[in-house]
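For reference, the structure is listed below as structure tokens.
Protein chains: 2
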Amino acid sequence: MQNQNLTEKLISSNHIFTGKVISLQVDTIELPNGKSATRELVKHPGAVAILAITQDNTVILVEQYRHPCGKIMLEIPAGKLDVQGESPEQCAFRELAEETPYTAQRMTLLYTFYTAAGFCNEKMYLYQAHDLLKNSQSETDEDEFVRQVYLSKEDVKKALKNQEIQDSKTLIALQHWLAQED
Amino acid sequence: MQNQNLTEKLISSNHIFTGKVISLQVDTIELPNGKSATRELVKHPGAVAILAITQDNTVILVEQYRHPCGKIMLEIPAGKLDVQGESPEQCAFRELAEETPYTAQRMTLLYTFYTAAGFCNEKMYLYQAHDLLKNSQSETDEDEFVRQVYLSKEDVKKALKNQEIQDSKTLIALQHWLAQED
Numbered sequence: 005m006q007n008q009n010l011t012e013k014l015i016s017s018n019h020i021f022t023g024k025v026i027s028l029q030v031d032t033i034e035l036p037n038g039k040s041a042t043r044e045l046v047k048h049p050g051a052v053a054i055l056a057i058t059q060d061n062t063v064i065l066v067e068q069y070r071h072p073c074g075k076i077m078l079e080i081p082a083g084k085l086d087v088q089g090e091s092p093e094q095c096a097f098r099e100l101a102e103e104t105p106y107t108a109q110r111m112t113l114l115y116t117f118y119t120a121a122g123f124c125n126e127k128m129y130l131y132q133a134h135d136l137l138k139n140s141q142s143e144t145d146e147d148e149f150v151r152q153v154y155l156s157k158e159d160v161k162k163a164l165k166n167q168e169i170q171d172s173k174t175l176i177a178l179q180h181w182l183a184q185e186d
Numbered sequence: 005m006q007n008q009n010l011t012e013k014l015i016s017s018n019h020i021f022t023g024k025v026i027s028l029q030v031d032t033i034e035l036p037n038g039k040s041a042t043r044e045l046v047k048h049p050g051a052v053a054i055l056a057i058t059q060d061n062t063v064i065l066v067e068q069y070r071h072p073c074g075k076i077m078l079e080i081p082a083g084k085l086d087v088q089g090e091s092p093e094q095c096a097f098r099e100l101a102e103e104t105p106y107t108a109q110r111m112t113l114l115y116t117f118y119t120a121a122g123f124c125n126e127k128m129y130l131y132q133a134h135d136l137l138k139n140s141q142s143e144t145d146e147d148e149f150v151r152q153v154y155l156s157k158e159d160v161k162k163a164l165k166n167q168e169i170q171d172s173k174t175l176i177a178l179q180h181w182l183a184q185e186d
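Residue numbers (this note's numbering), protein chains in the order written: chain S, 5 to 186; chain X, 5 to 186.
Now the structure itself:
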């Protein structure tokens, strides 16, 4: 068991659907034991998310209705890599400016991770924004409906304890922030 | 902006695909401003993941090939809610026993969260396993190929720093563990 090869090999790919955000294919693969199996694969362009802390040490969250969950979720600002030629870092600067009244002067990459590695290739780039400036006017998309919420570290500890944070990237970012020294 | 309604209303639903793990539909919804838009929605049965710490204070991880990512990933034990009538907690006991040489006597729920709230309804139940017992024989599925890896807190800190953990549920579990007192 300890030395076995774990790798699966692609045999064939059956395209099912192409949408605005995701596409779907069903791949046939060869397992390490030579048997074949199918894998449903949701393809996604990838996304960025931003941990942004204001000068008075509050984290900027956004409330947004999430149709798949059927409710309003409390999340860090985030968005898809959907602009041609835009780097993840550029996307992070843009999304922060679109979803909040702040812009950042600098971004550092905290983690890259797959949100649902079992069936989806979505890769998330989680940045921390630095040197925030408050904007005089909002750059929000007219069809984007978000509401900003500002939480202190104590507020975040309570929100985590009360299961008010139910979004994976937001849990990762907030745990990271709580572990940082002020 | 601050008092606006954020909720979207479902107008109609177009079923695209039903697979073994996921299904796909494209929903037409009404935005808060009265305009309509479409939402691609991947439906998933939900899943559990388990933070399991051995008596010598190492976390049990599993290496597994993930076809969507095209590589072997290092993750906490996890699995889908795919057995009829099984609760998330029962599923956590079963998956730990299937993917590792340990069984737990007790599970506590740490977090529930959505892995990809923008386009998928997958809900993850993250448990911490308690009072682990080592099994004499493995209960591994014959078509499941996983390899166990045991990391100390120091190992985990290094792995996080070196971007070796690229799975969202595992990042949440490991950060939670690091914040726990020994």
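Think of the CB as a built atom: it goes at the ideal place given N, C-alpha and C, for glycine as much as any other residue.
Fair warning: this is a prediction, and the values are worked out from it, not measured in the lab.
In this structure, how does DSSP classify residue i when only helix, strand and coil are distinguished?
i, result
"X/SER27", "strand"
"X/PHE149", "coil"
"S/CYS73", "coil"
"X/ASP171", "strand"
"X/GLU99", "helix"
"S/HIS48", "coil"
"S/LEU136", "coil"
"X/VAL4", "Chain X is shown only over 5 to 186; residue 4 of chain X falls outside these bounds and no answer can be derived."
"S/LYS39", "coil"
"X/LEU164", "helix"
"S/GLU79", "strand"
"S/ALA53", "strand"
"X/LEU85", "coil"
"X/LEU178", "helix"
"S/GLU34", "strand"
"X/GLN6", "Residue placement at X/GLN6 is flagged as unreliable, the pLDDT there being 43, under the threshold of 50; the coordinate-derived value follows with that caveat. In the structure shown, X/GLN6 sits in coil (DSSP, three-state: anything other than H, G, I, E or B)."
Check the Cβ of residue i against every Cβ in chain X and list those closer than 7 Å, keeping chain order.
i, result
"S/CYS73", "TYR118, ALA121, ASN125"
Who are the neighbours of residue i on chain S, taking C-beta pairs under 8 Å?
i, result
"X/HIS180", "GLN179"
"X/THR104", "Under the 8 Å cutoff, chain S gives no residues; its nearest Cβ is about 12 Å from X/THR104."
Please confirm whether residue i and residue j have their CB atoms less than 8 Å apart.
i, j, result
"S/LEU130", "S/ALA53", "yes"
"S/GLU93", "S/PRO81", "no"
"X/CYS73", "S/ALA41", "no"
"X/GLU168", "X/LEU78", "yes"
"S/ASP31", "X/HIS71", "yes"
"X/VAL25", "X/PHE123", "no"
"S/PHE117", "X/ASP159", "no"
"S/HIS134", "S/ALA163", "no"
"X/LEU85", "S/ILE76", "no"
"X/LYS173", "X/MET128", "yes"
"S/THR119", "X/THR119", "yes"
Starting from the beta carbon of residue i, find every residue of chain X whose beta carbon is closer than 9 Å, and list them in chain order.
i, result
"S/LEU10", "GLU67, GLN68, TYR69, ILE76, PHE149, VAL150, ARG151"
Between the alpha carbons of residue i and residue j, how many angstroms are there, rounded?
i, j, result
"S/LEU175", "X/LEU175", "9 Å"
"S/LEU35", "X/PHE149", "9 Å"
"S/LEU14", "X/LYS165", "32 Å"
"S/ASP186", "X/SER156", "26 Å"
"X/ALA177", "S/GLY89", "34 Å"
"S/PHE21", "S/GLN29", "7 Å"
"S/VAL87", "S/ALA51", "11 Å"
"S/GLN179", "S/ASN18", "39 Å"
"X/TYR106", "X/TYR154", "12 Å"
"S/SER27", "S/GLU12", "21 Å"
"X/THR112", "X/GLN184", "14 Å"
"X/ASN125", "S/GLU44", "16 Å"
"X/GLY23", "S/ASN37", "23 Å"
"X/GLN59", "X/LEU136", "8 Å"
"S/THR62", "X/LYS138", "44 Å"
"X/ARG2", "X/GLU67", "The requested residue 2 of chain X does not occur in the structure, where chain X is confined to residues 5 to 186."
Using a beta-carbon distance below 8 Å, is residue i in contact with chain X?
i, result
"S/ALA108", "no"
"S/LYS165", "no"
"S/ASP171", "yes"
"S/ARG43", "yes"
"S/ILE20", "yes"
"S/ALA183", "yes"
"S/VAL46", "yes"
Between residue i and chain S, is any beta-carbon pair separated by less than 8 Å?
i, result
"X/PRO36", "yes"
"X/TYR115", "yes"
"X/ILE176", "yes"
"X/GLY23", "yes"
"X/ILE26", "yes"
Starting from residue i, find everything on chain S with Cβ-Cβ shorter than 7 Å and list it in chain order.
i, result
"X/ASP191", "Here chain X comprises residues numbered 5 to 186, so residue 191 of chain X is not present and cannot be evaluated."
By the criterion of Cβ-Cβ separation under 9 Å, what are the contact partners of residue i in chain S?
i, result
"X/ALA101", "Within 9 Å Cβ-Cβ: nothing; X/ALA101 doesn't reach chain S, min ~15 Å."
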